[in-house]
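Novice: I'd like to ask some things about the structure below.
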Amino acid sequence: MNQLDLAPSIFSLRTFTAAMIAYWVALEIGLPRPFWAVTTVYLVSQPLAGAVLSKSAYRLAGTILGAAAAVTLVPNFVNEPVVLSFVMAIWLGLCMFISVHDRTPRAYTFLLAGYTTSIIGFPSVNAPGAMFDIAILRVQEIVIGILAAAFIHGLVLPATVTRQLTSRARQIRASAEKWTQRALAGDRTAEFRRERQRLVVDINDLQELSYHLPFDTGRLVPRREVIRALQHELSFMVGEARATEDRISYLKGQPGGLPQEWQDIIKRIQEWVVSDDDPAYGRRADELIQIIYALEPNASPAWTWREMVVVNLAGRLIALVTGHRNAFYLVNVIDNSGTCDSTVVEALLDGAGSRSFHTDSGLAARSALGAVMTVLLVCSFWIATEWPDGPGAALIAGVTCALFGPLDNPAVPTRKFLIGSIVGCCLAAIYGFAVFPRVTDFVLLGAVLAPTLLLFGSALARPQTATFARGVLLGLVNAVGLNATYSRDFLGFINGAIAQNLAIAFAIVMFVVFRTLGGEEAIRRLRRAGFRDVIGRIQGGNSEESRWTSKMLDRISILIARSTVQSPKPSDEVTEALQDLRVGVVAGELKALSASSTKRQQEIIDGALHSLVGFFSKRIRNANERPAPILLAQIEELATEFRADPHVPRRRAAVALAVSLRRDLFPAAELPGWTA
498 MNQLDLAPSI
508 FSLRTFTAAM
518 IAYWVALEIG
528 LPRPFWAVTT
538 VYLVSQPLAG
548 AVLSKSAYRL
558 AGTILGAAAA
568 VTLVPNFVNE
578 PVVLSFVMAI
588 WLGLCMFISV
598 HDRTPRAYTF
608 LLAGYTTSII
618 GFPSVNAPGA
628 MFDIAILRVQ
638 EIVIGILAAA
648 FIHGLVLPAT
658 VTRQLTSRAR
668 QIRASAEKWT
678 QRALAGDRTA
688 EFRRERQRLV
698 VDINDLQELS
708 YHLPFDTGRL
718 VPRREVIRAL
728 QHELSFMVGE
738 ARATEDRISY
748 LKGQPGGLPQ
758 EWQDIIKRIQ
768 EWVVSDDDPA
778 YGRRADELIQ
788 IIYALEPNAS
798 PAWTWREMVV
808 VNLAGRLIAL
818 VTGHRNAFYL
828 VNVIDNSGTC
838 DSTVVEALLD
848 GAGSRSFHTD
858 SGLAARSALG
868 AVMTVLLVCS
878 FWIATEWPDG
888 PGAALIAGVT
898 CALFGPLDNP
908 AVPTRKFLIG
918 SIVGCCLAAI
928 YGFAVFPRVT
938 DFVLLGAVLA
948 PTLLLFGSAL
958 ARPQTATFAR
968 GVLLGLVNAV
978 GLNATYSRDF
988 LGFINGAIAQ
998 NLAIAFAIVM
1008 FVVFRTLGGE
1018 EAIRRLRRAG
1028 FRDVIGRIQG
1038 GNSEESRWTS
1048 KMLDRISILI
1058 ARSTVQSPKP
1068 SDEVTEALQD
1078 LRVGVVAGEL
1088 KALSASSTKR
1098 QQEIIDGALH
1108 SLVGFFSKRI
1118 RNANERPAPI
1128 LLAQIEELAT
1138 EFRADPHVPR
1148 RRAAVALAVS
1158 LRRDLFPAAE
1168 LPGWTA
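Under the numbering used here, think of the first position of the sequence shown as 498, with each following residue one higher.
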């Protein structure tokens, strides 16, 4: 059995050990419902030690907040069942709305605050006087589970976030190097486009891992600033490589083709970029950059269109080489090996900035509304029928909404969870009425539970089976009766199991009603959000480039995931979104350049940017809108104005930006009339 196969088994063994320790401690100190400690272990356990500690800390905070809300709400509204149901549902909806907006692990705090109130509050409506005591007991049971999971996963064969992050960083850098090599070779195959899309997703995955670094148990934990700097460099390489590929292809198709000296330097870059085992990698990058500068056209006469494209190509190649050099240094810093230039690294850390993420307030509101309506309708049925197991159903409905409501299409995974829950209840019946009556001590109890918990604990560590396994484990642990004393109540068991699974099924129905969003509509919402951000970038509302770029890439990553569900083929929407990213970056640089330009140049830049805003405003209504001819004329006027600018650095920057806009927005346009 290889290491990849062993990892889920080791995770399962650690989790089972933590669950049994939590159960034993809860029994020893006399807690009435120790199964909550076991449930908590399986909820917070993650394959990576840092993620367990992170989730445990946020769960603890959310549990305390949720318990406080339950203690506040239930005693004050217990005599008004309808009002109590309403305020509990509103609290859950509010917590969900906040958590969906927070794309960091902190969101778990608000999820826990929402459904912990349901866990404590609904079963306590028949004994409001004991509300505070019940809340304290639930918090103790949950804290025991948190501490047991954190202790075992943190100390026993820990899989550190640092190790996983280092491995992923090296893999992503290697993928970027191979992808760049293929881009320079002019590869435009569908497989190449898929690799580019995977690279975007991988860059965002680094951020998810980095959130857990403050909780990691590794000896040498990298700074989160290093991860942000690496993401920043990789993010820009995605756009630069695509632009470089376009310029090379364009020049090859022109009379005279791509000059031999440029073919030679491109070949050298292709050879260099994949040689990151060379200690002189960084020094060789600096040499390549100097050669590229030397190949640029002479700045004395006015540049021709061809020379302007060459200048643009030079800028793209320099950016690519610089990006790969920087990524080489940063990955070496992350794994504390290899060579790096400390001066360059410190400058990168200072300039990395913060990152931002896509949020959709409309979908967040729909998630919250769906949770509110689910809990209200379950409570209405409970109150109207005086259903004895109504509190349990309301509890499970709230927990299900909190667990799955934030997902894009929650009905699909919730169905898997329901199937798992039904299987778990069936296993609970076998254990509760055929096995447990023969169990005489704690050791034997652990022995009979071990095969099932170890099997499904291993499945919990595998993404493709995790949702089903979680349903089995929670269904089994909640229904089997792991309390302080054994109770053999078959009718109570059946009613509880029915309530549990009906609540999950009802949540699925409400997800379909409130959260089902067609794939095409979801993609349109993402594209419109991207258009608005490009407009904001042009108008100066998103001045911090790293935050703007990270938000756009995060949105593109979500777009890739949703497009893949629609079709396994590379998505045109993703290609266009990457183009929008490049246009936004160029427009931002053009706006910054305007500050150091002459009044005439500023007027031309402002006119082009104004037309760009109009173009993207129209695309909000119709994503297929094409840019107007006046924008092409303004871009050519921009190039005309700057192509003979005596201020060479400004000339170089302006014409490169003009060429980028023209190639991105008008790739098939005829050559400008004033030059060949």
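We put the beta carbon where it would ideally sit given N, CA and C, even for glycine. Computed from a predicted structure; not experimentally measured.
(1) Who are the Cβ neighbours of V770 in its own chain at under 6 Å, not counting the five residues just before and after it?
(2) Determine the closest residue to I916 out of V584, P960, E1138, R967, with distance taken between C-alpha atoms.
(3) Roughly how many whole angstroms lie between the Cα atoms of S621 and S839?
(4) Quick one: what does DSSP say T606 is sitting in, helix, strand or coil?
(5) Can you check which of these residues, R863, P776, V896, L810, is closest to C837 by C-alpha distance?
(6) Assess, as a yes-or-no matter, whether the segment 865–872 is touched by the segment 585–593 under the definition of 3 or more beta carbon pairs within less than 8 Å.
(7) Quick one, are the C-beta atoms of T480 and G563 less than 8 Å apart?
(8) If you reduce the DSSP assignment to three classes, tell me which class V920 lands in.
(9) Taking only runs that begin and end inside the segment 752–839, name each unbroken alpha helix (DSSP H) of 4 or more residues, in chain order.
(10) So A899 and G611 are supposed to be a Cβ contact under 8 Å. How far apart are they, rounded?
(11) In angstroms with no decimal places, state the Cα-to-Cα distance between A976 and C922.
(12) For the segment 730–749 against the segment 638–646, are there 3 or more C-beta pairs whose distance is under 8 Å?
(13) In the structure shown, what three-state DSSP assignment does D905 receive?
(14) Ends of the alpha helix (DSSP H) at A976?
(15) Go to Y928, then tell me how far its alpha helix (DSSP H) extends in each direction, as first and last residue.
(16) Just the C-alpha distance for E1086 and A1092, rounded to the nearest angstrom, thanks.
(17) For S509, collect the residues of the same chain with a Cβ closer than 6 Å to its Cβ; drop the 5 residues on either side in sequence, then sort them by chain order.
(18) I need the DSSP call for R660, collapsed to helix, strand or coil.
(19) Would V541 and A656 be called neighbours here (beta carbons separated by less than 8 Å)?
(20) Should P1164 be labelled buried (16 or more other beta-carbon atoms within 10 Å of its own) or exposed?
(21) Measure the beta-carbon distance from I1127 to V698 and round it to whole angstroms, keeping in mind my assumption that it falls under 8 Å.
(22) Near L608, which residues of its chain fall below 6 Å by C-beta distance, leaving aside the five closest residues on each side in sequence?
(23) Can Q767 and A682 be called in contact, C-beta distance under 8 Å?
(24) DSSP on W533, reduced to helix/strand/coil?
(25) Are V808 and E793 closer than 8 Å when you measure CB to CB?
(26) When DSSP labels each residue in this structure, what does G683 get in the three-state scheme?
(27) Could you tell me if R935 is buried or exposed, where buried requires 16 or more neighbouring beta carbons within 10 angstroms of its beta carbon?
(28) Go ahead and pull the three-state DSSP assignment for L501.
(29) What span of residues does the alpha helix (DSSP H) with Y747 cover, start to end?
(30) Within a Cβ cutoff of 7 Å, which residues of the same chain sit near C592, ignoring the five residues on either side of it in sequence?
(31) Within 10 Å of its beta-carbon, does V571 have 16 or more other beta-carbons around it, so buried, or fewer, so exposed?
(32) Going by DSSP, what residue range makes up the alpha helix (DSSP H) through E638?
(33) Please classify K1048: is it buried, with 16 or more other beta-carbons within 10 angstroms of its beta-carbon, or exposed?
(34) Going straight from the alpha carbon of R517 to that of T560, what length do you get?
(35) In whole angstroms, what is the alpha-carbon distance linking Y555 and H709?
(36) By how many angstroms is the C-alpha of I1132 removed from the C-alpha of E1138?
Specialist: Judging by the given coordinates:
(1) For V770, where only same-chain residues beyond five positions count, the Cβ hits under 6 Å are E674, T677, Q678, H821.
(2) Ranking the options by Cα distance to I916, first place goes to R967.
(3) 60 Å
(4) helix
(5) Of R863, P776, V896, L810, the smallest CA-CA separation from C837 is found for P776.
(6) At 8 Å Cβ cutoff, the stretches touch.
(7) The shown model of the chain, from 498 to 1173, leaves out residue 480, and the question about it has no answer.
(8) In the structure shown, V920 sits in a helix (DSSP, three-state: H, G or I).
(9) 757–770, 778–792, 802–831
(10) In this structure A899 is in contact with G611, their Cβ atoms being roughly 5 Å apart against a cut-off of 8 Å.
(11) 6 Å
(12) Contact between the segment 730–749 and the segment 638–646 is absent, because fewer than three Cβ pairs lie under 8 Å.
(13) coil
(14) 963–977
(15) Neither: Y928 is in no alpha helix (DSSP H) and is coded neither H nor E.
(16) Going by the C-alpha atoms only, they are around 10 Å apart.
(17) Around S509: L951, G954, S955.
(18) helix
(19) no
(20) exposed
(21) Contact flag wrong, Cβ pair sits at about 37 Å.
(22) S596, A899
(23) yes
(24) In the structure shown, W533 sits in a helix (DSSP, three-state: H, G or I).
(25) Taking 8 Å as the cut-off, the Cβ atoms of V808 and E793 count as close.
(26) coil
(27) exposed
(28) Caution is warranted here: a pLDDT of 46 is assigned to L501, below 50, making its placement in the model unreliable, and no coordinate value can be reported.
(29) 721–749 is the extent of the alpha helix (DSSP H) around Y747.
(30) Closer than 7 Å at Cβ, skipping near neighbours: F607, L608, A610, G611.
(31) By the neighbour-count rule (16 or more Cβ atoms within 10 Å), V571 is buried.
(32) 628–652
(33) buried
(34) The sequence as given places Met at residue 517; Arg does not occur at that position. Distance between the alpha carbons of M517 and T560: 21 Å.
(35) 11 Å
(36) 10 Å
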